[in-house]
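In the order they appear, the protein sequences are chains A and B.
Here the numbering used here is used: the first residue of the first sequence is 2, the next is one more, and so on.
Here the numbering used here is used: the first residue of the second sequence is -11, the next is one more, and so on.
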Amino acid sequence: MDKRMTADEVAAELRDGMTIGIGGWGSRRKPMALIRAILRTDVKDLTVVSYGGPDVGLLAAAGKIRKLVFGFVTLDSVPFDPHFARARQSGAIDVTEYDEGMVAAGLSAAVKRLPFLPMRAGLGSDVVTTNPDLRTVTSPYADGEELLAVPALRLDVALVHLNRADARGNAQYLGPDPYFDDDFALAADRCFVSAERVVDTADLSSAPAQSLLLNRGAVTGVVAAPHGAHFTSAAPDYGRDEAFQRHYVACAKDPEAWPSFVDRFLSGDETTYQSEVTRFQEAAA
Amino acid sequence: MAEIASLSAAVADLVRDGDVVALEGFTHLIPVAAGHEIIRQRRRELTLVRMTPDIVYDQLIGAGCARKLIFSWGGNPGVGSLHRFRDAVQHGWPVPLEIEEHSHAGMANRYVAGASGLPFAVLRGYVGTDLPNVTDTIKPITCPFTGETLTAVPAINPDVAIVHAQRADRAGNVQMWGLVGVQKEAVLAARRSLVTVEEVVDELEPVPGGMVLPSWAVDRVAEVPGGAHPSYAQGYSERDNAYYAAWDTISRDRDEFERWVERVRSGEVVRAS
Chain A
2 MDKRMTADEV
12 AAELRDGMTI
22 GIGGWGSRRK
32 PMALIRAILR
42 TDVKDLTVVS
52 YGGPDVGLLA
62 AAGKIRKLVF
72 GFVTLDSVPF
82 DPHFARARQS
92 GAIDVTEYDE
102 GMVAAGLSAA
112 VKRLPFLPMR
122 AGLGSDVVTT
132 NPDLRTVTSP
142 YADGEELLAV
152 PALRLDVALV
162 HLNRADARGN
172 AQYLGPDPYF
182 DDDFALAADR
192 CFVSAERVVD
202 TADLSSAPAQ
212 SLLLNRGAVT
222 GVVAAPHGAH
232 FTSAAPDYGR
242 DEAFQRHYVA
252 CAKDPEAWPS
262 FVDRFLSGDE
272 TTYQSEVTRF
282 QEAAA
Chain B
-11 MAEIASLSAA
-1 VADLVRDGDV
9 VALEGFTHLI
19 PVAAGHEIIR
29 QRRRELTLVR
39 MTPDIVYDQL
49 IGAGCARKLI
59 FSWGGNPGVG
69 SLHRFRDAVQ
79 HGWPVPLEIE
89 EHSHAGMANR
99 YVAGASGLPF
109 AVLRGYVGTD
119 LPNVTDTIKP
129 ITCPFTGETL
139 TAVPAINPDV
149 AIVHAQRADR
159 AGNVQMWGLV
169 GVQKEAVLAA
179 RRSLVTVEEV
189 VDELEPVPGG
199 MVLPSWAVDR
209 VAEVPGGAHP
219 SYAQGYSERD
229 NAYYAAWDTI
239 SRDRDEFERW
249 VERVRSGEVV
259 RAS
């Protein structure tokens, strides 16, 4: 079954109020072409689950997020995303801030179709006081220990970016880390994968079996998106575009400058974005 | 950090009477030679743990090494019953055997909980089966969010986990590939661990689908070529199906089985029947 579609077709599948999970990690292998497509729609009130990077910043700046469930939001080489910092400080978005391991446990519970999983992380920390909806669970055995219960993070849609995919939705990472993309995919009712290149199935066997992160049964749609993680990294295809990320941060910090960034880079389609990035890079060179 | 040792020294150092011992490996890479060494060293009162007790546990049970078995599914794969296991449960020969029966998913979750340092695991298994009626370690647990009743199983933290792998390097890092079961989880859950390997090499070349147990997670590595026989080690040996069939005859009869045990203890049986 050929599951290829465009980024705009993926974005058109989203509905107001949906819970969407975004793969990658900080400013690494984020499905940015899909995020940019969402910015071109009028979808709103999303609950976003993410190990956040500029995906969260851009969606927050566009007013798409009603609630964010996160372990962190960072641009890695730049500690804070200015849009997220502003939204967090002003209280413009609801937040569920977890420990990183708790986000993983919540996704894992959803993958296993369990309503919760027990864990030790978070106990004795302010994670419990700032998330009063959290509960504990008592071991039914002789130890009688009280553990934190992490509720499942079921997702309506997961968006992930990988290095390679075939048209059927088998998808492969070639970099150093799968992050939690497989859990995002399996925790969701539908997962859409963007990939640097869509290749023949046989070409996926040129890397070790461990690199085959998603099988087609977990994937609803595949988007060919060269440089689709830009300006985050998609190692080994490319590293993070640090100069462009600094430009993004400078504009995001400055309410006067941000509209012109949006106008230049985000108001057109993905082709326009990529060609403007090339012009930006040539001017900086 | 793992020490490279002989199999006999490793078993003598790590396995004590009364221990909870898990020999893991699913169809492939079953640590049979280590089981024979436990028989040779006449360990007693062991609680044996294994997802699929097959020939190696039939041998340990028949030799009187075990007082309890914690398991999910037991049998001689593709052949039939385990006659020594059956004799121990039905007639207490050579010693009585207590059993604690779980599902495969339950056992895997128990190792994962043990490896995670959690007291128990939560799953949806066991629903609609009689296992909760006969196994008192299977408990209901209520989701504190939805009120749904799920199943809890207690962590397993064996005193000793024993597994077989293809290779280790001289620093004791272990590499295995092919069909792996819960070896990683069993080793990480255990207080002590022994890995028998086909060979010790200078360097672990990466292998597709390969998994490495780091030296710091392992106590002893023993080089035992063919140590998984009659199961197999991918890339090294084929499964000896004739041995599984032959075991049925040996294990049916107490006298014939005792002659087999004597041959193991005398060192005549190093591997195979």
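Beta carbons: idealized from backbone N, C-alpha and C, even for Gly.
In this text, all values refer to a predicted model and were calculated from it rather than measured experimentally.
Taking a beta-carbon distance threshold of 7 Å, Val161 of chain A does not count as an interface residue toward chain B. Sixteen is the threshold: since fewer than 16 other Cβ atoms of the shown chains lie within 10 Å of the Cβ of Arg30 of chain B, the residue is exposed.
Per DSSP, reduced to three states, the secondary structure at Gln222 of chain B is coil, with no helix or strand assignment.
Bridge pairing for Met164 of chain B: B:Met199 [DSSP].
Of all residues in the region -1 to 26 of chain B, none has a C-beta nearer than 7 Å to a C-beta of chain A. Counting every other CB atom within 10 Å of its CB across the protein chains shown gives Val158 of chain A a total of 16 or more, marking it as buried. Remark: C-beta atoms of Ser276 of chain A and Gly229 of chain A do not approach each other more closely than 7 Å. The C-beta distance from Val223 of chain A to Lys4 of chain A rounds to 5 Å, short enough to meet the 8 Å contact threshold. Contact note: Arg136 of chain A reaches chain B through Pro132 and Phe133, using a C-beta cutoff of 7 Å and chain order. Ranked by Cα distance from Gly62 of chain B, the options B:Asp75, B:Cys53, B:Met39 and B:Thr125 are led by B:Met39. Three or more beta-carbon pairs separated by less than 8 Å link the region 220 to 227 of chain B to the region 159 to 168 of chain B, which places the two stretches in contact. In the pairwise beta carbon analysis, the region 131 to 149 of chain B is classified as touching the region 92 to 106 of chain B: at least three pairs are separated by under 8 Å. Using beta-carbon distances, Pro107 of chain B counts as an interface residue toward chain A, with a partner under 7 Å.
Going by DSSP, Cys192 of chain A is part of no alpha helix (DSSP H) but of the beta strand (DSSP E) stretching over Ala189 to Val199.
Taking each of B:Ala10, B:Phe14 and B:Val200 in turn and checking the Cα distance to Ala178 of chain B, the smallest one comes out for B:Ala10. Interface annotation, Pro209 of chain A: in contact with chain B, CB-CB separation under 7 Å. Here Gly50 of chain B has Arg72 and Phe245 as same chain residues with Cβ atoms under 6 Å from its own Cβ, once five neighbours each way along the sequence are excluded. Residue pairing for Pro128 of chain B: DSSP places it in a beta bridge opposite B:Thr139. Looking at the DSSP output, Val8 of chain B shares a beta bridge with B:Thr35. With 16 or more neighbouring CB atoms inside 10 Å of its own CB, Gly102 of chain B falls in the buried class. Beyond the five residues adjoining it in sequence on each side, Ala236 of chain A comes within less than 7 Å, by CB distance, of Gly176 and Pro177 in the same chain, given in chain order. Going by DSSP, Met120 of chain A is part of the beta strand (DSSP E) stretching over Phe117 to Met120. The C-alpha of Ala210 of chain A is placed about 21 Å away from the C-alpha of Cys192 of chain A.
The Cβ of Glu136 of chain B sits closer than 7 Å to at least one Cβ of chain A. Boundaries of the alpha helix (DSSP H) harbouring Asp243 of chain B: Arg242 to Arg253, taken from the DSSP string. Tyr239 of chain A is bridged by DSSP to A:Ala235. By DSSP's assignment, Lys68 of chain A forms a beta bridge with A:Thr48 and A:Asp95.
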